[in-house]
Amino acid sequence: MNIGIVCYPTFGGSGVLATELGMALADKGHEVHFITYNQPVRLDFITHKLHFHEVLLEEYPLFEYQPYELALSSKMVEVVEKHQLEVLHVHYAIPHAYAAYMAKQMLKEKGMNVKVVTTLHGTDITLVGSHPTYKTAVEFSINNSDVVTAVSNSLKRDTQRLFNIKNDIEVVYNFIDTDKYDKEHQKECKRIALAEPHERILTHVSNFRPVKRTSDVVKVFNLVQKEMPAKLLMVGDGPDRVKAEGLVNDLGISDKVIFLGNSNEVAKILCYSDVFLLPSVSESFGLAALEAMAADTAVISTNTGGLPEVNTQGKTGFLSNIGDVEDMAKNALTILKDDETLATFKANAKEHTKQFSLKNILPVYEDIYKSCAVKV
Ligand code: GMT
334 MNIGIVCYPT FGGSGVLATE LGMALADKGH EVHFITYNQP VRLDFITHKL
384 HFHEVLLEEY PLFEYQPYEL ALSSKMVEVV EKHQLEVLHV HYAIPHAYAA
434 YMAKQMLKEK GMNVKVVTTL HGTDITLVGS HPTYKTAVEF SINNSDVVTA
484 VSNSLKRDTQ RLFNIKNDIE VVYNFIDTDK YDKEHQKECK RIALAEPHER
534 ILTHVSNFRP VKRTSDVVKV FNLVQKEMPA KLLMVGDGPD RVKAEGLVND
584 LGISDKVIFL GNSNEVAKIL CYSDVFLLPS VSESFGLAAL EAMAADTAVI
634 STNTGGLPEV NTQGKTGFLS NIGDVEDMAK NALTILKDDE TLATFKANAK
684 EHTKQFSLKN ILPVYEDIYK SCAVKV
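Residues in the sequence shown are numbered from 334 upward in steps of one, following this note's numbering.
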């Protein structure tokens, strides 16, 4: 099929998922066209079946805000026409679903019928989308998509609670290319570069937005390192990074915490990890936790949103109430206390990722594209 994928090209989970999906579809022989303002960060190769169309913005002194939706919908029309796309799969409702609706209307005038699949990822519903500034347009775009998917049951429920939704929402879990993580593990894991052999390694990967509660990551680690030798790897960048670095300094643990910034090598970094910390205030799925689990890492998370659908209490890790850093630290220590317990949690985490494998989820999206493409 000829499929257009619209996403944020950044390190955020929705962009990562959309990019991995596009690359996997191209591997299976589909013609995939990414339409966005930059080359997606994880798009590390362009094959003859994988294309990138840049949405260019014209600077004009009158505009205090650039009208991105206009540029995006015009680009969508151009690419659909030129490459005969059957489906536009938009990831993250704002403004992608709205722009896709406009593109669809413009294409109708030209006698073309493109289908719009909207995947809801989380903050587009729970934080930003339901805000009165955007709510009307987001609700409209969801109700006017041909197919709507959500990345967890929790997000489906949130969407139905926060909006007046008239169409069905299909839950399609985020996925992981488990083979990629197996390959990373087969390569020599240079753990010694980051920690002494007797030290446990805890990791956090995020966009360092307030929703991730990165101060709690530092607080949990601080309690853990008081009980056992340990290091903390902080991967990613964002508004709260400076605050987290400040807290690390104040607690006098700078020699034990390494800030690595944004990275394209998450799989490689995770091969060092024993426990992954995700104390978010809201998380519709927690793709970062799934990636950690695929790299044999147990998860300490909050019990919010879709996290209980990914992390299983007492098996792949533990879940605590938001802000309960003492409980999170206690649980981390339970996992890390001896090699045998740690090995069991790591193995369970890895095993659990099988149900979220690319092999299982990719055909679900392919079926969605096929079924909506035949609808008139
Ligand atoms: O985590 C973020 O803030 C980024 C955001 C995004 O859309 O890029 O992540 C959301 O989508 C991810 C992929 O589906 C989910 O794994 C995250 O849980 C979700 N984030 C939140 O709900 C806060």
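All C-beta atoms in this analysis are idealised placements derived from N, C-alpha and C, irrespective of residue type, glycine included.
Notebook entry, point to check: In the DSSP assignment, what residue or residues form a beta bridge with M567?
Noted result: Looking up residue 567 in the sequence shown gives position 234. BP columns for M567 point to H537 and F592.
Note to self: Taking 6 Å as the cut-off, is the C-beta of T456 nearer than that to any heavy atom in the ligand GMT?
What the structure shows: As a working mapping, residue 456 is identified with position 123 in the sequence shown. Checking the Cβ of T456 against the ligand GMT gives yes.
Note to self: Taking the beta carbon of K552 as the centre, do at least 16 other beta carbons fall within 10 Å, making it buried, or is it exposed?
What the structure shows: Locating residue 552 in the sequence shown gives position 219, counting from the first residue. With 16 or more Cβ atoms within 10 Å of its Cβ, K552 is classed as buried.
Check: Terminal residues of the continuous beta strand (DSSP E) containing L421?
Finding: For this step, residue 421 is matched to residue 88 along the sequence shown. Segment V420 to H424, the beta strand (DSSP E) holding L421.
Item checked: When L566, L354 and G639 are compared against K489, the one with the closest alpha-carbon -> On the sequence shown, position 156 is the one that residue 489 refers to. Nearest C-alpha to K489: G639.
Notebook entry, point to check: Any chance the CB of V423 is under 6 Å from a heavy atom of the ligand GMT?
Noted result: In the sequence shown, counting from the first residue as 1, residue 423 sits at position 90. The answer is no for V423.
Next item on the list: Measure the CB-CB distance between K580 and A662 and report whether it falls below 7 Å.
Entry: As a position in the sequence shown, residue 580 is number 247, starting the count at 1. As a position in the sequence shown, residue 662 is number 329, starting the count at 1. Reading the sequence as shown, one finds Leu at residue 580 and not Lys. No, the pair does not count as a contact, with Cβ atoms beyond the cut-off.
Next item on the list: Could you work out which residue in N582, G585, D583 and F541 is closest to M567 when comparing CA atoms only?
Entry: By 1-based counting over the sequence shown, the position of residue 567 is 234. Comparing Cα positions, the closest option is F541.
Notebook entry, point to check: Quick one: Cα of S407 to Cα of V449, how far?
Noted result: On the sequence shown, residue 407 is found 74 positions in, with the first residue counted as 1. On the sequence shown, residue 449 is found 116 positions in, with the first residue counted as 1. Answer to the nearest angstrom: the Cα atoms are 15 Å apart.
Next item on the list: Would you kindly check if the distance between the Cβ of V388 and the Cβ of F344 is under 7 Å?
Entry: Here residue 344 corresponds to residue number 11 of the sequence shown, with the count starting at 1. Here residue 388 corresponds to residue number 55 of the sequence shown, with the count starting at 1. No, the Cβ-Cβ distance between F344 and V388 is not below 7 Å.
Item checked: Residue environment, D479, which counts as buried when at least 16 other CB atoms sit within 10 Å -> Indexing the sequence shown from 1 puts residue 479 at position 146. Looking at its Cβ environment, which holds 16 or more other Cβ atoms inside 10 Å, D479 is buried.
Checklist line | Unbroken alpha helix (DSSP H) run spanning N335, endpoints | finding: By 1-based counting over the sequence shown, the position of residue 335 is 2. Where N335 is concerned, there is no enclosing alpha helix (DSSP H), although the beta strand (DSSP E) it sits in stretches over N335 to V339.
Check: So who's on the other strand from F678, going by DSSP bridges?
Finding: To locate residue 678, count along the sequence shown from 1; it is residue 345. None, per the DSSP bridge assignment.
Checklist line | Spatially closest choice to S690 from V643, E402 and I633, by CA coordinates | finding: Here the question's residue 690 lines up with position 357 in the sequence shown. Ranking V643, E402 and I633 by Cα distance to S690 puts V643 first.
Next item on the list: Tell me where the alpha helix (DSSP H) around L666 begins and ends.
Entry: Taking the sequence shown and counting its residues from 1, the one referred to as residue 666 is at position 333. First-last of the alpha helix (DSSP H) with L666: V658 to L669.
Item checked: Contact under 7 Å by Cβ, M334 with Y702 -> In the sequence shown, counting from the first residue as 1, residue 334 sits at position 1. In the sequence shown, counting from the first residue as 1, residue 702 sits at position 369. Going by C-beta atoms, M334 is nearer than 7 Å to Y702.
Checklist line | Range of the contiguous beta strand (DSSP E) that encloses G650 | finding: Along the sequence shown, one-based indexing puts residue 650 at 317. Looking at the DSSP string, the run of the beta strand (DSSP E) that includes G650 is G650 to S653.
Next item on the list: Specify, as a first and last residue, the run of the beta strand (DSSP E) that S634 falls within.
Entry: As a position in the sequence shown, residue 634 is number 301, starting the count at 1. First-last of the beta strand (DSSP E) with S634: A631 to T635.
Note to self: The alpha helix (DSSP H) that contains A720, what's its start and end?
What the structure shows: The shown model of the chain, from 334 to 709, leaves out residue 720, and the question about it has no answer.
Next item on the list: Report the residue from D573, K545, G571 and L610 whose alpha carbon sits nearest the alpha carbon of L565.
Entry: The residue labelled residue 565 in the question sits at position 232 within the sequence shown. The shortest Cα separation from L565 among D573, K545, G571 and L610 belongs to L610.
Check: Is DSSP giving V449 helix, strand or coil here?
Finding: For this step, residue 449 is matched to residue 116 along the sequence shown. Three-state result, V449: strand.
Notebook entry, point to check: Leaving out the 5 sequence neighbours to the left and right, which residues in its chain are closer than 6 Å to Q399 when beta-carbon positions are compared?
Noted result: Mapped onto the sequence shown, residue 399 falls at position 66. Within the same chain, Q399 has close Cβ partners L390.
Next item on the list: May I ask you to report which of helix, strand or coil DSSP gives H454?
Entry: Translated into the one-based positions of the sequence shown, residue 454 becomes position 121. In this structure, H454 counts as coil in the three-state DSSP scheme.
Item checked: Cβ neighbour criterion (16 or more within 10 Å) applied to Y514 -> On the sequence shown, residue 514 is found 181 positions in, with the first residue counted as 1. Y514 comes out buried.
Checklist line | Inter-residue CB distance, F607 and R533 (contact presumed, cutoff 8 Å) | finding: To locate residue 607, count along the sequence shown from 1; it is residue 274. To locate residue 533, count along the sequence shown from 1; it is residue 200. The amino acid at residue 607 is misidentified as Phe; the sequence shows Asp. That pair is a contact at about 5 Å.
Next item on the list: My understanding is that T459 touches S617, with C-beta atoms under 8 Å, so please give their C-beta distance in whole angstroms.
Entry: Here residue 459 refers to the residue found at position 126 when the sequence shown is read from its first residue. Here residue 617 refers to the residue found at position 284 when the sequence shown is read from its first residue. 7 Å between Cβ atoms; contact.
Notebook entry, point to check: Contact between the region 623–637 and the region 589–608: three or more CB pairs below 8 Å?
Noted result: yes
Next item on the list: Would you check if there are 3 or more beta carbon pairs closer than 8 Å linking the region 419–433 to the region 461–469?
Entry: yes
Next item on the list: Round the Cβ separation of A436 and V471 to the nearest angstrom and send it over; I've been treating them as touching at under 8 Å.
Entry: Position 103 of the sequence shown, counting from 1, holds the residue named residue 436. Position 138 of the sequence shown, counting from 1, holds the residue named residue 471. With a Cβ gap of about 17 Å, A436 and V471 do not count as contacting.
Notebook entry, point to check: Does the beta-carbon of N507 have 16 or more other beta-carbons within 10 angstroms, so that it is buried, or is it exposed?
Noted result: Translated into positions along the sequence shown, residue 507 becomes position 174. Its Cβ being crowded by 16 or more others within 10 Å, N507 is buried.
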